[in-house]
Amino acid sequence: MKKIVKLAGIDLSKEEMYSKKLLRAGIKLNTPPVCNWACPYCYASSPELQKNLKEEDYIRYKDANWHLKMFKWVKELKKVGLKAITINGMFEPLTSPKLKEVINFVYEENLAITLVTNGVLLTDELIEFLKSKKVSILTKLNVPIVEKDSPLYNDVIEIQKQMTGLKGNAEKIYEDQKNMIKKLIVGLLLAISTISCAKIFWPIRN
Ligand SMILES: C[S@@+](CC[C@H](N)C(=O)[O-])C[C@H]1O[C@@H](n2cnc3c(N)ncnc32)[C@H](O)[C@@H]1O
Ligand code: SF4
21 MKKIVKLAGI DLSKEEMYSK KLLRAGIKLN TPPVCNWACP YCYASSPELQ KNLKEEDYIR
81 YKDANWHLKM FKWVKELKKV GLKAITINGM FEPLTSPKLK EVINFVYEEN LAITLVTNGV
141 LLTDELIEFL KSKKVSILTK LNVPIVEKDS PLYNDVIEIQ KQMTGLKGNA EKIYEDQKNM
201 IKKLIVGLLL AISTISCAKI FWPIRN
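The sequence shown begins at 21 in my numbering and counts up one residue at a time.
Rendered as structure tokens:
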């Protein structure tokens, strides 16, 4: 039998792990239809979407009470065994004004929380808040962690820049992300970096 991976903040028996119960559900936060990154593989950077955005889209939240509906559904799901929530968004969840309210609610409901984010807007104050609510973070770096004296460094920072879709200084983009991830590790939050695209680019480059 496969070894059971232990998840932070969620304590499951073997029976629960292998039951067909719904143990984790997702909350999609209501965010503006734009992102502070423009990952080339994501619809958020689609020229069609960008072209059709109107000024009011940047500040409009489609349904201001969306989170309240989610709260009702979460309470219902708890009755059938829900243990954990993943907080995500169609775009970047940290841009949602309801982020803390949603996290407070999920925490009060005794559910384990995972937050999916590119991490750019994680301030020290927000990290402390997330730590106090035992939130695990799923964030991303599309390349390996290397230091400036590595022969890979110049390639790595360029690839990371391309994968974020950001304009600007490649070294700063890479170092900011790397330092954010290191801070999360030191802060004892679970940081998982997804090396999703390095495998695609490496053979092309070499
Ligand atoms: C849409 S993002 C929202 C959360 C946050 N902005 C982030 O990127 O982590 C949620 C997840 O969808 C993934 N994603 C984006 N575009 C995708 C695509 N075209 N196919 C599969 N996953 C994608 C992202 O890598 C991320 O893990
Ligand atoms: S950070 Fe997330 S939402 Fe933003 S462009 Fe990248 S995948 Fe899409």
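Note that the Cβ used here is the ideal one computed from N, Cα and C, for glycine as well.
Check, Outcome
"In angstroms with no decimal places, state the Cα-to-Cα distance between Asn-72 and Gly-185.", "19 Å"
"Indicate the three-state DSSP secondary structure (helix, strand or coil) for Lys-219 in the structure shown.", "The predicted position of Lys-219 is uncertain, since its pLDDT is 49 and thus under 50; no value can be drawn from it."
"State the beta-bridge partners of Leu-135 as determined by DSSP.", "Ile-107, Ile-157"
"Using the beta-carbon of each residue, find all residues closer than 5 Å to any heavy atom of ligand 2 and list them in chain order.", "Cys-55, Trp-57, Cys-59, Cys-62, Ala-64, Phe-111, Asn-138"
"At a cut-off of 6 Å, is Gly-185 close to ligand 1 when judged by its beta-carbon and the heavy atoms of the ligand?", "no"
"Assign Lys-48 to one of three DSSP states: helix, strand, or coil.", "strand"
"Closest to Asn-162 by C-alpha separation, out of Val-155, Asp-169, Ser-170, Asn-138, would be which residue?", "Asn-138"
"Are His-87 and Val-126 closer than 7 Å when you measure CB to CB?", "no"
"Rounded to whole angstroms, what's the CA-CA distance from Trp-222 to Asp-175? Just pull it up for me.", "Reliability fails at Trp-222, whose pLDDT of 49 lies under 50, so the model's placement of it is uncertain and the value that follows must be treated cautiously. Rounded to whole angstroms, Trp-222 to Asp-175 spans 9 Å at the Cα level."
"Would the C-beta of Gly-46 count as close to ligand 3, meaning under 6 Å from any of its heavy atoms?", "With respect to ligand 3, the structure shown offers nothing to examine, as its ligands consist of ligand 1 and ligand 2."
"So Trp-57 is in the alpha helix (DSSP H); what residue range does that whole segment cover?", "Premise fails: Trp-57 is in no alpha helix (DSSP H) and is neither H nor E."
"Look at the alpha carbon of Ala-218 and the alpha carbon of Leu-146, and state the distance between them as a whole number of angstroms.", "With a pLDDT of 49 at Ala-218, under the threshold of 50, the modelled position of that residue is not reliable, and the figure given next carries that caveat. If you take the alpha carbons of Ala-218 and Leu-146, they lie about 29 Å apart."
"My assumption, with CB atoms under 8 Å, is that Ser-116 sits in contact with Leu-69. Please give the rounded CB distance.", "About 18 Å separates the two Cβ atoms, so there is no contact after all."
"For ligand 1, I want to know if Val-136 counts as a neighbour, meaning its beta carbon is within less than 6 Å of at least one of the ligand's heavy atoms.", "yes"
"Under three-state DSSP, which class holds Glu-112?", "coil"
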